[in-house]
Amino acid sequence: MPTSVSTNLSFPSSSPSRLQAAITHADAESTTLAAQDSYPVTHTETQSSSRLKEPEYAERIHDVGLFQLKLGDFLSASRKAHAAVGLFVAAVTITFGGTSIGAILPLIGDRFRISTESLGLLLGIILAGTAMFQIPGGFAALRYGARRVVLASTILGGGAFLLAGLAGDFSVLTFFLFLTGVSSALFYAPALSLVSSIFSEGRRGPAVGFFWGTFNGMGGMVGMLLGAYLGLNFNWQAPLEVGGAGLLLLAPVLWWFLPREPSVASPSHGGLWLSGRRVLRARAVWGLALGLGGFAGAGYVPIYYVTTYFKQVHPTWGIHAAAQVAAFAVLATLPGAAVGGWIADRGFDRRTVITFFALAFGLVVLWIPYATLLLLWIIYLLGGFLLGVTNAVMNLFPSYLEETKGPGMALAVGLIVTCQTLFRSVVATVFGFLVVTSGYTAAWLFSAFLCLTLLPLLRWVPPSRAARSAFSRCWDRMMHSAR
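Structure representation (C-alpha cells):
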C-alpha cells in the first residue's frame, strides 16, 4: 500500500526557490530509486499526522535514507563548509574534554585523596558510558533525526563538563563524567551520519576521514597538551570548564548551520525496532565490528600502556619520552585518516583496503617489544598512520551498504563502536594480566595476534568500491603485470 512522505527540508537563510527546486528534483530521484528497490512510496507536500504501521514506517525510513544520500548535491559550497566545520569543531571540543580527564587524573586524585585503583574505576565508568549508549544513540537518530541527537548530545556534554568542574564530592564527579561519556557516544555516530549525507560520493571519503581524524587525533592531541597546561597552571577544574563552555557555545552555532532533515512521523516502538532490526542483523556490519575488534584493542593498549612500559622495562628512556611518543602517534592518525578517506573514494575495493592496512598494523605491533627507542618512534608514527587509514575507511563503509544507508548509518556505526569499545576493554584487561604473569613481551604479542586472527571475519563484508579512477586502473594493470 503506498504511503506518504513529507519532504519538508529547510535551512535557515536559504533561498526558497533554490531549495524548492532541490526538493522537487530529490523527490523525483528518490521515487525512482524506491521503485527500483520495490518500495512503492508516493511523495506529497504535507506530512501525514497519523501514526504509521510498522512496515510502512520501515519503508519511509528507507526512502528518507535515499533522500539523504542526495542531500549534499543541493547544498551550496558555503553551506557544506559551514555545516562540516561546525561538526569538526564540535568533535574536537568534545574529545578535548574527554581526553583532558586523563591529563588531569593525578590532580583529581590529589584533590579528592583517592587511590590509583579508584582513578582506574573512574576511567572505566566513563568508558562504560561511551559503550552503553552507542546503539541507543543510533536508535535515537532513527526516531528523532541525526541533527536533533547531535544538538542534544552537545548540550548534554557541555552541561556535564561544567557540573563536573563544580563537583565537591568524588561520587558526584564520577556521575557527571559518566554523562560526558554518554554525550560522546550520542554525538559520534549521528554526527558521522550527517557528514556522510552532506558530501556526495567522491568527496565523502576525505570528509569522513577528516572527521574521524579530528575526533580522535586532533581532539586527543589538544586534550593531552592543553588539558595538562590548564590543569597545572590553573586548577584541575579548568579543562573541564573550558570544554563545557565550548560545547554550550557551539550548540546554537550547530542549530543554525546543520541542515534540517526530512520529516517522518513518529513510529511506535515496534516500528522503530523493525526499521533498526535490518541494520542490527546485517552480516556486513557484524563483519566490520568483529573482524576489526582485535585491531581496535591492539590500537588502544600501545597508547595507554606506553608510560608504564617505559617506566618498568626501559626506565632510562624516561616518562617524558613516553608521553611524546604517544602524543605524536595520536597526531599521526590525522593524516592517516585523510589518506584513508581519499583511498576509499578512488576505486579500490574498500574491504581489501581495510584488510591490508589492519594487517600491516598488526605486524607493526609485533615489533614493539623488540624495538630500540629510535625504532619505537618509527613504529608508533607508522602505527598511528595505519590506525587512521583503517578507521577512516571503516567509518565510511556503512554509508555504502544497502542495509545501513541514510538514517541507518548512525545505528550501524553505533553497533561497530560498541563492539570495538568492549574489545578495547577486554584487551586492556588481559594485557594487564599478562604483564603481571608473563611480562610485556607476551602481552604485546597477544594484542598483535588477536588483531591478525580476527581479520578473516571481514569476509562477511561484501566488496565495495567507488567509480574507477585513472590511478586505481593504473594500479590494477601494474598488479596484473606483476602476476
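Mapping the sequence shown onto numbering that gives the first Met the number 0, position 33 (from 1) lands on 32, and the numbers just tick up by one.
No residue lacks a Cβ here, since even glycine has one placed at the ideal position from N, Cα and C.
Looking only at its own chain, which residues have a Cβ that is under 7 Å from the Cβ of residue 242, when we skip the five neighbours before and after it? Taking the sequence shown and counting its residues from 1, one reaches residue 242 at position 243. Same-chain partners within the cutoff: 92, 95, 96, 99, 160.
Exposed unless 16 or more other CB atoms sit within 10 angstroms - verdict on residue 317: The residue labelled residue 317 in the question sits at position 318 within the sequence shown. The residue in question, residue 317, is exposed, as its Cβ has fewer than 16 Cβ neighbours within 10 Å.
How is residue 76 classed by DSSP in three states: helix, strand or coil? Here residue 76 is taken as the residue at index 77 of the sequence shown, counted from 1. Residue state, collapsed to three classes: helix.
If residue 449 and residue 296 are in contact, beta carbons under 8 Å, what's the gap, nearest whole angstrom? If you number the sequence shown from 1, residue 449 lands on position 450. If you number the sequence shown from 1, residue 296 lands on position 297. That pair is a contact at about 6 Å.
Cβ contact check for the region 416–431 and the region 354–371: 3 or more pairs under 8 Å: No: the two stretches stay apart, fewer than three of their Cβ pairs being nearer than 8 Å.
Between residue 163 and residue 176, what straight-line distance do the alpha-carbon atoms span, to the nearest angstrom? Here the question's residue 163 lines up with position 164 in the sequence shown. Here the question's residue 176 lines up with position 177 in the sequence shown. Rounded to the nearest angstrom, the two C-alpha atoms are 6 Å apart.
Under 8 Å, do residue 551 and residue 430 count as touching if we go by C-beta distance? With the chain covering only 0 through 482, there is no way to say anything about residue 551.
Just verifying my parser: in three-state terms, what is the DSSP assignment at residue 233? Stepping through the sequence shown from its first residue, residue 233 is reached at position 234. In the structure shown, residue 233 sits in coil (DSSP, three-state: anything other than H, G, I, E or B).
Between residue 397 and residue 284, how many whole angstroms is the CB-CB distance? I'm expecting something under 8 Å. Working through the sequence shown from its first residue, we reach residue 397 at position 398. Working through the sequence shown from its first residue, we reach residue 284 at position 285. Right, their Cβ atoms sit about 7 Å apart.
Tell me the start and end of each unbroken beta strand (DSSP E) in the region 303–328 that is at least 3 residues and wholly inside, in chain order. none
For the alpha helix (DSSP H) containing residue 217, name the first residue and the last one. Position 218 of the sequence shown, counting from 1, holds the residue named residue 217. Where residue 217 is concerned, there is no enclosing alpha helix (DSSP H), given that its DSSP letter is neither H nor E.
If you run the structure through DSSP and keep just helix, strand and coil, what is residue 293? In the sequence shown, counting from the first residue as 1, residue 293 sits at position 294. Here residue 293 sits in helix by DSSP.
So the alpha helix (DSSP H) residue 147 belongs to, where does it begin and stop? Walking along the sequence shown from the start, residue 147 turns up at place 148. Here the alpha helix (DSSP H) through residue 147 covers 145–164.
If we count Cβ pairs, one from each stretch, closer than 8 Å, do we get three or more for the region 132–148 versus the region 200–216? no
Closer than 7 Å: residue 299 CB and nearest the ligand NAP heavy atom: Inclusion of the ligand NAP in the displayed structure is not the case, the ligand content being empty and no account of it being possible.
Cβ neighbour criterion (16 or more within 10 Å) applied to residue 372: For the purposes of this step, residue 372 is identified with residue 373 of the sequence shown, where counting begins at 1. Exposed, by the Cβ-count rule.
Inter-residue spacing [alpha-carbon to alpha-carbon] between residue 108 and residue 442: Numbered from its first residue, the sequence shown carries residue 108 at position 109. Numbered from its first residue, the sequence shown carries residue 442 at position 443. Residue 108 and residue 442: Cα-Cα distance of roughly 28 Å.
Three-way DSSP call (helix, strand, coil) for residue 432 in this model: Here residue 432 refers to the residue found at position 433 of the sequence shown. Residue 432: helix per DSSP, three-state reduction.
Is residue 437 buried or exposed, if buried means 16 or more other CB atoms sit within 10 Å of its CB? Translated into the one-based positions of the sequence shown, residue 437 becomes position 438. The residue in question, residue 437, is exposed, as its Cβ has fewer than 16 Cβ neighbours within 10 Å.
Quick one: what does DSSP say residue 90 is sitting in, helix, strand or coil? Stepping through the sequence shown from its first residue, residue 90 is reached at position 91. Of the three classes helix, strand and coil, the one that applies to residue 90 here is helix, per DSSP.
Can you give me the Cβ contacts of residue 424 inside the same chain, cut-off strictly under 8 Å, excluding the 5 residues immediately before and after it? Looking up residue 424 in the sequence shown gives position 425. Excluding sequence neighbours, residue 424 sits near 123, 126, 130.
8 Å Cβ shell around residue 384 - same chain, five flanking residues per side excluded: Working through the sequence shown from its first residue, we reach residue 384 at position 385. Within the same chain, 331, 332, 334, 335, 338 come within 8 Å of residue 384 by CB-CB distance, once the 5 residues on both sides are set aside.
According to DSSP, simplified to helix, strand and coil, what is residue 47? On the sequence shown, position 48 is the one that residue 47 refers to. With a pLDDT of 38 at residue 47, under the threshold of 50, the predicted position of this residue should be treated as unreliable, and no value is reported.
Which same chain residues end up closer than 8 Å to residue 326 when comparing Cβ atoms and leaving out the 5 residues on each side of it in sequence? Within the sequence shown, the letter at position 327 stands for residue 326. Only 220, 223, 224 meet the Cβ criterion.
Closest residue to residue 302 among 401, 88, 215, 412 (Cα-Cα distance): Locating residue 302 in the sequence shown gives position 303, counting from the first residue. The candidate whose alpha carbon is nearest that of residue 302 is 215.
Rounded separation between residue 192 and residue 359 - CA only: Here the question's residue 192 lines up with position 193 in the sequence shown. Here the question's residue 359 lines up with position 360 in the sequence shown. Cα to Cα, residue 192 sits roughly 28 Å from residue 359.
Taking only three categories from DSSP, how would you classify residue 386? Counted from its first residue, the sequence shown places residue 386 at position 387. Look at residue 386 here: in three-state DSSP terms it is helix.
In the DSSP assignment, find the alpha helix (DSSP H) that holds residue 443 and state where it starts and stops. In the sequence shown, residue 443 corresponds to position 444, counting from 1. Where residue 443 is concerned, the enclosing alpha helix (DSSP H) stretches over 439–453.
I'd like to know whether the C-beta atoms of residue 374 and residue 141 end up nearer to each other than 8 Å. Numbered from its first residue, the sequence shown carries residue 374 at position 375. Numbered from its first residue, the sequence shown carries residue 141 at position 142. Between residue 374 and residue 141, the C-beta spacing is not below 8 Å.
Return the CA-CA distance between residue 105 and residue 352, expressed in angstroms with no decimal places. The sequence position of residue 105 within the sequence shown is 106, counting from 1. The sequence position of residue 352 within the sequence shown is 353, counting from 1. One C-alpha to the other measures close to 40 Å.
Is residue 191 helix, strand or coil by DSSP? Translated into the one-based positions of the sequence shown, residue 191 becomes position 192. It is helical.
Proximity winner among 392, 227, 306, relative to residue 345 (alpha-carbon distances): Working through the sequence shown from its first residue, we reach residue 345 at position 346. Closest by alpha carbon: 392.
Kindly indicate which residue of 426, 328, 347 has the alpha-carbon position closest to the one of residue 387. In the sequence shown, the residue the question calls residue 387 occupies position 388. It is 328.
Just curious, the alpha helix (DSSP H) that residue 363 is in, first and last residue? By one-based count along the sequence shown, residue 363 stands at place 364. 349–365 is the extent of the alpha helix (DSSP H) around residue 363.
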